[in-house]
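This note's numbering puts the first residue of the sequence shown at 63, with every later residue one more than the last.
Where a beta carbon is used, it is the ideal one built from N, C-alpha and C, also for glycine.
Accompanying notes for the structure given below.
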Amino acid sequence: MMPGDKLPDISQTRKLMTNNPQRNILVTGSDGLIGWHLRAWLLTLADQVNVIPCNRQQFSDDAYLSDAIEKADVIVHLAGMNRGDEEDIVQTNIALAQRLVEICQQLDCRPHIIYSNSTHIDGPSRYGYSKRIAGETFAAWASSEEARFLNLVLPHVFGEHGKPFYNSAVSTFAHQLANGETAEVTGDGRVSLLHTHDVAQIIWDSIEEGTVGELRPHGCDMQASEMLERLQRISKRYSDGVIPETNETIDLQLFNTFRSYIPYDKRSIGLTLHQDQRGSLFEAARADGHGQVFLSTSHPGITRGEHFHFRKVERFLVVQGKAKIRMRRVLTDEVVTYEVSGDRPQAIDIPTLHAHNITNIGDTPLLTIFWAGEHFDPENTDTYQMIVDTPTTQSAKA
Numbered sequence: 063m064m065p066g067d068k069l070p071d072i073s074q075t076r077k078l079m080t081n082n083p084q085r086n087i088l089v090t091g092s093d094g095l096i097g098w099h100l101r102a103w104l105l106t107l108a109d110q111v112n113v114i115p116c117n118r119q120q121f122s123d124d125a126y127l128s129d130a131i132e133k134a135d136v137i138v139h140l141a142g143m144n145r146g147d148e149e150d151i152v153q154t155n156i157a158l159a160q161r162l163v164e165i166c167q168q169l170d171c172r173p174h175i176i177y178s179n180s181t182h183i184d185g186p187s188r189y190g191y192s193k194r195i196a197g198e199t200f201a202a203w204a205s206s207e208e209a210r211f212l213n214l215v216l217p218h219v220f221g222e223h224g225k226p227f228y229n230s231a232v233s234t235f236a237h238q239l240a241n242g243e244t245a246e247v248t249g250d251g252r253v254s255l256l257h258t259h260d261v262a263q264i265i266w267d268s269i270e271e272g273t274v275g276e277l278r279p280h281g282c283d284m285q286a287s288e289m290l291e292r293l294q295r296i297s298k299r300y301s302d303g304v305i306p307e308t309n310e311t312i313d314l315q316l317f318n319t320f321r322s323y324i325p326y327d328k329r330s331i332g333l334t335l336h337q338d339q340r341g342s343l344f345e346a347a348r349a350d351g352h353g354q355v356f357l358s359t360s361h362p363g364i365t366r367g368e369h370f371h372f373r374k375v376e377r378f379l380v381v382q383g384k385a386k387i388r389m390r391r392v393l394t395d396e397v398v399t400y401e402v403s404g405d406r407p408q409a410i411d412i413p414t415l416h417a418h419n420i421t422n423i424g425d426t427p428l429l430t431i432f433w434a435g436e437h438f439d440p441e442n443t444d445t446y447q448m449i450v451d452t453p454t455t456q457s458a459k460a
């Protein structure tokens with residue numbers, strides 16, 4: 063992907079779904095950045111897969127891990143350590159790979175292993191060394207057991223809700239800018255940026271196709287300073303009340319990542335109401351790029367929505383009546399509620415990867431403006447059904 067690339071039509075992946083029996087997919091590091099995004103992606107394929115999550119605590123549980131490996135058709139190994147004492151990093155990453163291999167051998171299991179490796183294996187760092195040796199451990203096992211192994215060598219991965227000061231510089235800068243802090247580049251190196259949603263699709267395609275060997279997906283190449291400048295432009299336009307232009311795929315991904323760090327109590331956007339003897343007027347949305355506006359009415363007690371998006375930017379604005387707008391981050395339990403009214407113009411921008419709805423809580427019809435940052439495409443809606451008030455294990459349907 064290069065600057066200027068347009069959004070891919072991910073609907074084609076879903077059109078090509080097969081009727082294969084349901085696969086059991088073990089995801090280590092399931093609470094991490096890639097793990098969470100991958101599990102959100104796999105929610106939309108619930109008729110084809112059964113996800114077995116494995117976080118740090120579950121990986122340390124011998125009984126849980128052994129049972130999970132014995133059931134697994136595929137192991138996506140994302141668990142690892144990339145910050146801390148260098149020798150701890152080396153020992154941890156190598157030991158994680160060795161443990162998976164040893165249990166596979168003990169149970170005589172040959173799952174398809176997909177290992178999330180790093181381009182740091184090409185450099186001199188101890189972290190890169192540990193990732194390289196872990197990959198070689200899997201490769202040796204696969205060769206001796208005639209099993210399938212994919213060494214997925216990833217560039218700089220970023221995405222919504224990554225851990226600041228840990229997962230990536232994008233996470234750090236986006237968090238700082240979203241919270242009114244100063245972000246600075248120290249050492250203007252070149253980065254190849256790959257969004258976690260793209261990583262999830264690559265992993266799923268590799269599972270479907272039984273890919274083995276080594277795969278090195280390309281990201282969007284730029285200087286770290288350019289990446290920060292893009293984020294600063296996005297942050298500045300948004301703080302000025304303007305939805306920034308995101309015609310380039312990378313800018314939309316950076317914008318959605320930036321928005322994920324805005325605290326929930328700061329998501330409500332107050333609008334200026336102009337009044338005179340004729341009535342009132344306010345600006346609903348201003349955008350640098352293109353978009354689409356919908357106007358809906360909802361009878362008392364009616365709820366709309368109950369879905370989430372991977373990429374779509376949306377704004378909800380009640381102009382008449384009273385409503386509750388509720389949202390829940392996918393694979394979590396906390397529900398955030400905003401009470402809004404047409405008497406006080408207030409916009410709520412819906413973050414990606416959040417199930418959301420709007421309910422008319424008044425006694426009169428609810429009039430709502432919905433703004434979307436892209437034109438509606440019935441062949442690629444980026445809309446997946448999910449009830450806000452349901453367990454985190456709920457699957458999602460397109």
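Bounds of the alpha helix (DSSP H) holding G197 are 188–207. DSSP, reduced to helix, strand and coil, places R210 outside both helices and strands of the structure shown, so it counts as coil. Annotation: V89 to E436 spans about 33 Å, alpha carbon to alpha carbon. When beta bridges are read from the DSSP output, E276 appears opposite N213. K193 sits buried, since 16 or more C-beta atoms from the chains shown fall within 10 Å of its C-beta. Annotation note: the stretch 226–308 contains the following uninterrupted beta strand (DSSP E) runs of length 3 or greater, listed N- to C-terminal: 252–257, 275–277, 282–285. The shortest CA-to-CA distance from I412 to any of A262, I423, S342, I331 is the one to I331.
Per DSSP, the continuous alpha helix (DSSP H) segment holding N155 begins and ends at 148–169. Beta-bridge partners of W433 (DSSP): V355, R377. Less than 9 Å separates the beta-carbon of I420 from that of I387. Between the beta-carbon of L357 and that of P407 there is about 15 Å, and that puts the pair past the 8 Å contact cut. If you check the CB distance, S254 and G281 come in under 9 Å. When only Cα atoms are considered, A102 and Q337 end up about 45 Å apart.
When beta bridges are read from the DSSP output, K384 appears opposite S403. Inclusion of G383 and L429 in the CB contact set at 9 Å is warranted, their separation being smaller than that value. Counting along the chain, the unbroken beta strand (DSSP E) around L88 starts and ends at 85–90. For a cut-off of 8 Å, the C-beta gap from S287 to D250 is around 5 Å, short enough to register as a contact. When C-alpha distances from N179 are compared across H139, A130, D147, the shortest belongs to H139. Q160 and A196 have their C-alpha atoms some 8 Å from each other. If the five residues before and after A262 are omitted, its C-beta is found closer than 7 Å to the C-beta atoms of H99, L100, W103, all from its own chain and listed in chain order. Inter-segment contact for the stretch 394–403 and the stretch 339–348 is absent: fewer than three beta-carbon pairs are separated by less than 8 Å.
Under the three-state reduction of DSSP output, S122 falls in the coil class, being neither helix nor strand. For H99, the secondary structure class from DSSP, reduced to helix, strand or coil, is helix.
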